[in-house]
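> Structure incoming, see below.
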Amino acid sequence: MPSSSDTDWRYGVYLFPLPLLLSVAAAGGMWAFVSLTSSGSFSDADALAGIAAFLLTVAGSWLSILFGAVVAVAVVMDARALADRGWWSPNRYAVGVLGLLHLVATQFLPLGLLSTPLFVAYCYRRRERV
């Protein structure tokens, strides 16, 4: 159980799955939009579904970038706050690269296969040390 004086930045760090899930939703919306618009017949229902898929793609992409930036800033600030309090001193440069990698992974999903396990390891070690 985290102590009552634990940093509040951890809540931003714990959001790390959200940007990638939003990116997957955006990719699914793009796939649905392309498959609907490339079909030979196009009804009114298909037009509404295409608009919904397009909106899902746009909203998912922008929200994944927003939450990716929030997670990137939160992990750097969390590492700084933990080091300032003397509880744990993770390498600030490595944590910064991890945050940047996770932000880039929102637009290039295969990098999520690297950044997600690293975030899980960070959260696990953070829980052990704090």
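Residue numbers (this note's numbering): -9 to 120. Beta carbons are placed, not taken as given, at the ideal position from N, Cα and C, and that holds for glycine. Computed from a predicted model, the values in this text were never measured in an experiment.
#1: Taking 7 Å as the threshold (C-beta atoms), are L88 and L108 in contact?
#2: Roughly how many angstroms separate the alpha carbons of Q97 and A37, rounded to a whole number?
#3: How about L12 and S54: do their beta carbons lie closer than 7 Å?
#4: Distance, Cα to Cα, Y4 vs T47?
#5: Assign G40 to one of three DSSP states: helix, strand, or coil.
#6: Can you find the residues in the same chain that come closer than 8 Å, C-beta to C-beta, to Y1, ignoring five residues on each side of it along the sequence?
#7: Within its chain, find whatever has a CB closer than 6 Å to the CB of F6; leave out the 5 residues flanking it on each side and keep chain order.
#8: How would you write the range of the alpha helix (DSSP H) that G102 sits in, first residue to last?
#9: Closest to C113 by CA distance: which of L72, A42, L93 is it?
#10: Which residue wins for smallest C-alpha separation from T(-3), given the options L99, G76, L93?
#11: Kindly indicate which residue of G50, M20, A39, G58 has the alpha-carbon position closest to the one of V94.
To lay it out plainly:
#1: As a working note, residue 108 is residue 118 in the sequence shown. As a working note, residue 88 is residue 98 in the sequence shown. Contact: yes.
#2: Counted from its first residue, the sequence shown places residue 97 at position 107. Counted from its first residue, the sequence shown places residue 37 at position 47. The alpha-carbon atoms of Q97 and A37 are separated by roughly 26 Å.
#3: Numbered from its first residue, the sequence shown carries residue 12 at position 22. Numbered from its first residue, the sequence shown carries residue 54 at position 64. Cβ atoms of L12 and S54: closer than 7 Å.
#4: Numbered from 1 along the sequence shown, position 14 holds the residue referred to as residue 4. Numbered from 1 along the sequence shown, position 57 holds the residue referred to as residue 47. Answer to the nearest angstrom: the Cα atoms are 24 Å apart.
#5: Residue numbering aside, residue 40 sits at position 50 when the sequence shown is read from its first letter. Here G40 sits in helix by DSSP.
#6: Your numbering for residue 1 matches position 11 in the sequence shown. If we look at Y1 and ignore the five residues flanking it on each side, its Cβ neighbours are A64.
#7: For the purposes of this step, residue 6 is taken as residue 16 along the sequence shown, with counting starting at 1. The beta carbon of F6 sits closer than 6 Å to those of V61, F109, all from its chain and outside the five residues before and after it, given in chain order.
#8: For the purposes of this step, residue 102 is identified with residue 112 of the sequence shown, where counting begins at 1. Residues 102 to 119.
#9: For the purposes of this step, residue 113 is taken as the residue at position 123 of the sequence shown. If we check each option's Cα against that of C113, L72 comes out closest.
#10: Here residue -3 is taken as the residue at index 7 of the sequence shown, counted from 1. Closest by alpha carbon: G76.
#11: Position 104 of the sequence shown, counted from the start, is the residue given in the question as residue 94. Considering only G50, M20, A39, G58, the residue with the shortest C-alpha distance to V94 is G58.
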